[in-house]
Amino acid sequence: MHQTIKKCYISVNVQKVDFDINSEIKKIKSNKIIGGIANFTGVVRNSGREKEELVSLELEHYPGMTEKAIMLICEDAQKRWNLNFIKVIHRVGRLFAGDNIVLVLTASAHRKEAFKSAEFIMDFLKSRAPIWKKEHYRTHSSWVQSKEEDELILNDW
Amino acid sequence: MKILYFSWLREKIGVPFEEVEVRSETVGDLIKELINQDHKYELAFEDIKSIRVAVDQKIIQDFNVSIKNAREVAFFPPMTGG
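Residue numbers (the working numbering), protein chains in the order written: chain A, 49 to 205; chain B, 904 to 985.
Listed below in structure tokens is the structure:
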């Protein structure tokens, strides 16, 4: 899903397959007005919530709504900061420790707008994108619970 | 109307979605209508504060929102994306 609003190109993908950060950055850099690109990559980790080692992380989502919800977050970011590009790729399905989960790239003429908007998008993805994580261990599985602080942090924006 | 369930709510109800003839006019009434149908809904909706709702793929905060012309209603726990 993609669109251009006031010279800002926004692209959102929800996919099972991995993404290549370098090739995504290269695509953005082909536009010569960019002064800086902020890049956040979320990675599957052993959360340490359990004594056992994580076998896999399953990401369930709401097909149809997920991309729209992420696009709304990006539109909000575009309104707040002067951006040229926003790229979000969110993976779903079964992932393993060290795998990429999410990529947020924001590009602007100046660094501050890129940094701020990438952080804003990540904060909202946490509790506004219809995605649910389940941790699988050798002996059991458990749904990741949302954190109250993730909800409260949204009030700061 | 299509009713969808995600995460542990889907597991408790046992299906990812179902097509239901609905009489209720609001989200709140729909939850009551489901609970009256089967004990599994009562268990799933037990902790109502941890239930989030989307009507036609838009998150709603107020359970009094009308679902008269809705095509789909989704129930799920708080999201854990990112």
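Built from N, CA and C at the ideal position, the CB exists for glycine as well.
Chain B contact for residue i (CB, 8 angstroms cutoff)
i, result
"A:W129", "no"
"A:A125", "no"
"A:R139", "no"
"A:L173", "yes"
"A:A162", "no"
"A:M49", "no"
"A:K116", "yes"
"A:A177", "yes"
"A:G83", "no"
"A:G112", "yes"
"A:S194", "yes"
"A:V103", "no"
"A:G146", "no"
"A:V62", "no"
Under 7 angstroms from the C-beta of residue i: neighbouring residues of chain A
i, result
"B:S910", "E108, W180, W191"
"B:A947", "Within chain A, no residue comes near B:A947; the closest Cβ sits about 14 angstroms away, beyond 7 angstroms."
Cβ of residue i within 8 angstroms of any chain A Cβ
i, result
"B:F978", "no"
"B:Q960", "yes"
"B:T983", "yes"
Residues near residue i in its chain [Cβ-Cβ closer than 8 angstroms; skip 5 each side]
i, result
"B:K943", "K915, I916, G917"
"B:E936", "V925, R926, S927"
"B:S953", "P980, P981"
"A:A125", "L131, I134, T154, S165, F168, I169"
"B:N967", "T929, V930, G931"
Own chain partners of residue i with C-beta closer than 6 angstroms, once the 5 adjacent residues on each side are dropped
i, result
"A:S104", "R142, F144, H184"
"B:F909", "F979"
"A:L151", "F67, T89, I137"
"B:I934", "F948"
Cross-strand partners of residue i (DSSP beta bridge)
i, result
"A:V91", "A:N148"
"A:S104", "A:H184"
"A:N61", "A:I137"
"A:G84", "A:S156"
"A:I76", "In the DSSP output, where bridge partners are listed per residue, A:I76 has none listed."
"A:F168", "For A:F168, which the question treats as bridged, DSSP gives no partner whatsoever."
"B:I906", "B:E921, B:V976"
"B:K961", "B:V958"
Supposed close pair residue i, residue j - CB separation, criterion 8 angstroms
i, j, result
"A:F172", "A:I121", "4 angstroms"
"A:I76", "A:M119", "Actually they do not touch by this definition, with Cβ atoms about 18 angstroms apart."
"A:E100", "A:R176", "Not quite, the Cβ-Cβ distance comes to about 31 angstroms (not below 8 angstroms), so this is no contact."
"B:E975", "B:K905", "4 angstroms"
"A:W180", "A:E108", "5 angstroms"
"A:G83", "A:H158", "6 angstroms"
"A:E115", "A:V60", "5 angstroms"
Beta-carbon contacts of residue i that lie in its chain and below 7 angstroms, excluding the five residues immediately before and after
i, result
"A:N148", "D66, F67, T89, V91, R139"
"A:K164", "W129"
"B:A973", "M904, V958, D959"
"A:P178", "H109, Y110, M113, T114, A117"
Near the ligand FMN: residue i beta-carbon under 7 angstroms from a heavy atom
i, result
"B:F909", "This structure does not include the ligand FMN; it has no bound ligands of any sort."
Proximal residues of chain A, C-beta to C-beta of residue i below 9 angstroms
i, result
"B:A973", "Residues of chain A passing the Cβ test: none, with the nearest at roughly 13 angstroms."
Residues that residue i contacts on chain B, provided the C-beta gap is smaller than 7 angstroms
i, result
"A:A208", "The structure shown does not extend to residue 208 of chain A, since chain A spans only 49 to 205, so no value can be given for it."
"A:M170", "G985"
Amino acids of chain B, ordered along the chain, whose beta-carbon sits closer than 8 angstroms to that of residue i
i, result
"A:V65", "In chain order: nothing, as chain B lies at least about 18 angstroms away."
Closer than 9 angstroms at the beta carbon, the chain B residues around residue i
i, result
"A:V150", "G984, G985"
"A:G90", "G985"
Chain C within 8 angstroms of residue i, Cβ atoms only
i, result
"A:V62", "Any reference to chain C falls outside this structure, whose protein chains are A and B."
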